[in-house]
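Notes to accompany the following structure.
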Amino acid sequence: MMRITQISRILRMKLAAPLHRAMPMGSLVAGLLLSNCDLQKDIDVELPAYPPQLVVEAYLENGRVPRVTISESVPYLAAPTPQVPTDVKVVLTLPNGRRDTLRYAPNINQSSGKAYTHSGTTRLTARPGDVFRLEAYDTRGRRLTGTATVPATVPIDAVEWKFNDKPAEQRQAYVLTKFQDPAATLDYYRLQVHKSRLNDDPEVEYTIEDRLNNGQAITLGTSYEFNPQDTVIVTLYHLDRPYFQFLQSVEDARGANGNPFAQPSAIKSTVEGGIGIFTVLSYQRRQVILK
Numbered sequence: 358m359m360r361i362t363q364i365s366r367i368l369r370m371k372l373a374a375p376l377h378r379a380m381p382m383g384s385l386v387a388g389l390l391l392s393n394c395d396l397q398k399d400i401d402v403e404l405p406a407y408p409p410q411l412v413v414e415a416y417l418e419n420g421r422v423p424r425v426t427i428s429e430s431v432p433y434l435a436a437p438t439p440q441v442p443t444d445v446k447v448v449l450t451l452p453n454g455r456r457d458t459l460r461y462a463p464n465i466n467q468s469s470g471k472a473y474t475h476s477g478t479t480r481l482t483a484r485p486g487d488v489f490r491l492e493a494y495d496t497r498g499r500r501l502t503g504t505a506t507v508p509a510t511v512p513i514d515a516v517e518w519k520f521n522d523k524p525a526e527q528r529q530a531y532v533l534t535k536f537q538d539p540a541a542t543l544d545y546y547r548l549q550v551h552k553s554r555l556n557d558d559p560e561v562e563y564t565i566e567d568r569l570n571n572g573q574a575i576t577l578g579t580s581y582e583f584n585p586q587d588t589v590i591v592t593l594y595h596l597d598r599p600y601f602q603f604l605q606s607v608e609d610a611r612g613a614n615g616n617p618f619a620q621p622s623a624i625k626s627t628v629e630g631g632i633g634i635f636t637v638l639s640y641q642r643r644q645v646i647l648k
């Protein structure tokens, strides 16, 4: 149950002279009385009870041990404390049909700084076009499934930068990432530009699709925001459509959260029977020092 207090706005009329039409005395008195009233009304809103759902975050990579994070959804007004069920079994089906049960072993990925709950034991081989399947189920009968296809890698042709002409203490550079878009398919990309460390939030991040420049050379850039001798790490992800839509929906949900003028936005999950993302990452990365 949520209590909402709605305080009415008091509209005040500013009298200007001379008046061309006299206001009736009764209306004036009533207006003054209303302006001094504290108008409020408490409303009790019954919120529907939603059963908690399984939530997954799984990003597979070629040459890396698979790691998956399983949690549980909570009501919107609940405390932001992660709920981690301990009775969930996670099974990853490889392209050759072999089923690997991931062990429950909560830990922190040292390279990314992200937590995970389940881990495999052997490194994956993921080739373009390979299909992986994920299944997670618990003792309460909840079952989550997902399918992910490995996108082809789109290579980075060049990373370039240019400094402005300002004095040394104000000198900054923009960075350009150039690549060739494949002409045969509708493609989706995510660009991330980090400074020095991948564990930190990216300085620049956005997603695009090639609808308007299919098959053409594409250049993605930043503003003047990097300093001389900065180490810049550029990552270009080639996304499948479900992952692209997931990222777009997350951004829309962030923009709508707490904004009374925005339309509500739901997360477009890539899985069924729960919430979250299951995908295979395909990317190329370049590191440069701005000199």
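Numbering (the working numbering), first residue to last: 358 to 648. Quick reminder that beta carbons are idealized off the backbone N, C-alpha and C, glycines included.
Inter-residue spacing [alpha-carbon to alpha-carbon] between residue i and residue j
| i | j | result |
| --- | --- | --- |
| E582 | L638 | 27 angstroms |
| I565 | A435 | 34 angstroms |
| G631 | A530 | 44 angstroms |
| Y545 | P539 | 11 angstroms |
| G633 | L411 | 8 angstroms |
| A649 | K523 | There is simply no residue 649 to check, as the chain begins at 358 and stops at 648 in what is shown. |
| P405 | T474 | 30 angstroms |
| W518 | R554 | 19 angstroms |
| I575 | N466 | 33 angstroms |
| V422 | I400 | 52 angstroms |
| V561 | S476 | 30 angstroms |
| L459 | L481 | 13 angstroms |
| A415 | A472 | 11 angstroms |
DSSP-derived helix/strand/coil call for residue i
| i | result |
| --- | --- |
| Y546 | strand |
| S428 | strand |
| L501 | strand |
| R528 | coil |
| S606 | helix |
| P618 | Note that residue 618 corresponds to Phe in the displayed sequence, not to Pro. Looking at F618 - three-state DSSP - the assignment turns out to be coil, as it is neither helix nor strand. |
| Y494 | strand |
| G578 | strand |
| A515 | strand |
Neighbourhood of residue i by C-beta, 8 angstroms cutoff - its chain only, sequence neighbours within 5 removed
| i | result |
| --- | --- |
| I646 | Q586, D587, T588 and V589 |
| R568 | L543 |
| P621 | A613 |
Test item: CB-CB of residue i and residue j under 8 angstroms
| i | j | result |
| --- | --- | --- |
| V516 | G486 | no |
| L548 | F489 | no |
| L593 | F536 | yes |
| G420 | N556 | no |
| G578 | V511 | no |
| V413 | D495 | no |
| A493 | V447 | yes |
| A619 | S606 | no |
| Q644 | I513 | no |
Heavy atom of the ligand COA within 7 angstroms of residue i beta-carbon
| i | result |
| --- | --- |
| A530 | In the structure shown, the ligand COA is absent, as is every other ligand, since no ligand is present at all. |
Residue i - partner residues in DSSP beta bridges
| i | result |
| --- | --- |
| L417 | V637 |
| I693 | What is shown of the chain runs 358 to 648, which leaves residue 693 out entirely. |
| S476 | R424 and R460 |
Neighbourhood of residue i by C-beta, 6 angstroms cutoff - its chain only, sequence neighbours within 5 removed
| i | result |
| --- | --- |
| F603 | K625, T627 and I634 |
| E418 | L638 |
| E629 | T502 |
| P343 | Absent from the model: residue 343. The displayed extent of the chain is 358 to 648, so no value can be given. |
Contact set for residue i: own chain, Cβ-Cβ below 7 angstroms, skip 5 residues either direction
| i | result |
| --- | --- |
| N584 | Q529 |
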